[in-house]
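What follows is one structure encoded as structure tokens, with my remarks underneath.
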Amino acid sequence: MAKIDNIDLGEFPLLLAPMEDVSDPPFRALCKEYGADMVYTEFVSSEGLIRDAAKSLQKLDIYEKERPVGIQIFGANLDSMLRSVEIVEKTKPDVIDINFGCPVKKVVSKGAGAGILKDVDLMVKLTEEMVKHTHLPITVKTRLGWDHDSIKIYEVAERLQDVGCKAISIHGRTRAQMYKGEADWKPIAEVKNNPRMHIPVFGNGDVDSPEKAVLMRDEYGLDGAMIGRASIGSPWFFKAVKHYFETGTHCEPPSLVERVDIARRHLQMAIDWKGEKLGVFETRRHYTNYFKGIPHFKDYRMKMVTSDHSEDVFATFDEVEDKFSDYQFV
């Protein structure tokens with residue numbers, strides 16, 4: 004059984020990864036509904052929080068139905084990170100997660116995210132001080148290392164645990180790889196098999212099928228899987244994995260009618276949370292996967308991703324349901 008401090012996540016939990024402009028409350032709610040055992044917010048800038056930046060503060064919105072939920076923050080300045088912890092605490096998440104893995108240039112250039120992999124001592128110091136500064140469990144999400152020649156995750160994981168980190172999620176790529184090539188889970192398994200490690204070790208990267216989740220569990224022996232890109236436009240992925248765990252067979256994919264219903268609810272929740280303009284814009288990335296596989300669908304997809312008004316998108320959903328209701332997904 005995987006536990007983060009006193010939070011029981013069950014046997015081999017499935018975690019929704021923190022993804023910028025994806026892991027917002029509407030999407031987290033859908034993933035939770037379809038079986039995610041724990042969800043994480045989009046990453047939040049510590050500098051944005053202490054400056055009262057509206058977008059950063061909005062990312063702290065969490066709801067009871069999401070729990071357990073972790074708020075993820077990033078930064079490289081100790082004072083800013085500690086002050087942001089105090090702000091985050093007030094929203095009462097179950098966990099505070101530190102992002103030591105984001106590979107994008109705008110984050111790395113500030114020494115944050117995966118940029119901190121160049122300074123493991125600072126990485127450990129930040130974690131230690133944050134642990135001391137809050138009663139909430141501190142967890143970490145990171146990568147194997149900066150590049151192939153500087154993979155030190157075995158040592159890093161030990162040191163993070165020793166200063167009080169309660170769980171670690173490891174993406175099986177280096178920062179230099181970004182999202183290219185295949186994720187390497189072997190170093191993550193080595194961390195898990197370290198006899199000194201007693202905190203949960205979660206794997207991340209390329210878990211895009213139920214079979215791969217089983218492989219991560221049974222062959223690599225990890226404590227759980229953090230699901231990222233495979234869930235975009237497919238919140239039912241968590242349900243599919245759990246069904247495969249229980250039966251060894253694939254469950255029936257959602258019908259067209261069910262997908263339209265999910266898309267409608269997703270869009271409406273997004274509008275309710277962030278307003279018409281952003282709600283319409285930030286749900287677009289999901290529609291391709293919601294309706295993936297339907298032949299001759301391009302015109303409908305283009306309407307969904309180019310319409311600026313929700314009534315037009317809802318009308319397109321109605322058209323899709325009328326025209327393709329008998330389509331069978333495989």
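The working numbering puts the first residue of the sequence shown at 4, with every later residue one more than the last.
The C-beta atom is built at its ideal place from N, Cα and C for all residues, glycine as well.
For the beta strand (DSSP E) that contains M41, what are its first and last residues?
41-43
For the candidate residues M84, W188, K93, whose alpha-carbon lies nearest to that of L218?
W188
What residues are listed by DSSP as bridge partners for D100?
Q75, T142
Taking buried to mean at least 16 other C-beta atoms within 10 Å of its own C-beta, is N102 buried or exposed?
buried
V323 burial status per 10 Å Cβ neighbour count (16 or more: buried)
buried
Does the Cβ of M133 have 16 or more other Cβ atoms within 10 Å, making it buried, or fewer, making it exposed?
buried
Who are the near neighbours of F240 in its chain, counting only those whose CB is closer than 6 Å to its CB and skipping five residues on each side?
A233, S234
Below 6 Å CB to CB, which residues in the same chain sit around Y182 once its five sequence neighbours on both sides are set aside?
none
Neighbourhood of T142 by C-beta distance below 8 Å, restricted to the same chain and skipping five residues each side
I7, G73, V98, I99, D100, I101, C168, K169, A170, I171, S172
Host beta strand (DSSP E) of F17 (start-end):
Contrary to the premise, residue 17 reads as Leu rather than Phe in this sequence. Counting along the chain, the beta strand (DSSP E) containing L17 begins and ends at 17-19.
With H, G and I counted as helix, E and B as strand and the rest as coil, what does DSSP make of G353?
The chain is shown only over 4 to 333; residue 353 falls outside these bounds and no answer can be derived.
Taking only runs of the alpha helix (DSSP H) that begin and end inside the segment 156-240, which ones reach a length of at least 4 residues, in chain order?
156-165, 189-196, 213-221
Nearest candidate by alpha-carbon position, reference I53, set F77, C34, A266:
F77
Apply the 10 Å Cβ neighbour rule to V333 and answer buried if 16 or more other Cβ atoms are within range, or exposed otherwise.
exposed
Name the DSSP beta bridge partners of I154, please?
G148
Within 8 Å, do at least three Cβ pairs link the segment 268-278 to the segment 18-29?
yes
Please classify Q331 as buried or exposed, where buried requires at least 16 neighbouring CB atoms within 10 angstroms.
exposed
7 Å Cβ shell around V166 - same chain, five flanking residues per side excluded:
V127, T130, E131, V134
Going by beta carbon distance, what residues of the same chain come within less than 6 Å of D150, once the five residues before and after it are set aside?
T177, A179
Quick check on the burial criterion: 16 or more other C-beta atoms within 10 angstroms. Buried or exposed for M84?
buried
Between V88 and H138, how many whole angstroms is the CB-CB distance? I'm expecting something under 8 Å.
Rounded, the Cβ-Cβ distance is 10 Å, inconsistent with contact.
Secondary structure at S313, three-state DSSP: helix, strand or coil?
helix
8 Å CB neighbourhood of L81 in its chain, flanking five on each side removed
K128, L129, E132
Should the segment 302-321 be called in touch with the segment 253-261, which here means at least 3 C-beta pairs below 8 Å?
no
Segment limits, beta strand (DSSP E) that includes A5:
5-7
Terminal residues of the alpha helix (DSSP H) in which G251 lies
Careful: G251 lies outside any alpha helix (DSSP H) and carries neither H nor E.
Which residues mark the beginning and the end of the beta strand (DSSP E) in which L63 is found?
L63 -> no beta strand (DSSP E), and no H or E assigned at all.
What's the gap between the Cα of E50 and the Cα of K195?
33 Å
How should D329 be labelled, buried or exposed, when 16 other C-beta atoms within 10 angstroms of its C-beta is the threshold for buried?
exposed
Going by Cα to Cα distance, which pick from A39, I274, K280, T44 is closest to T94?
T44
When we look at the beta-carbon of A57 and count the other beta-carbons within 10 Å, is it buried (16 or more) or exposed?
exposed
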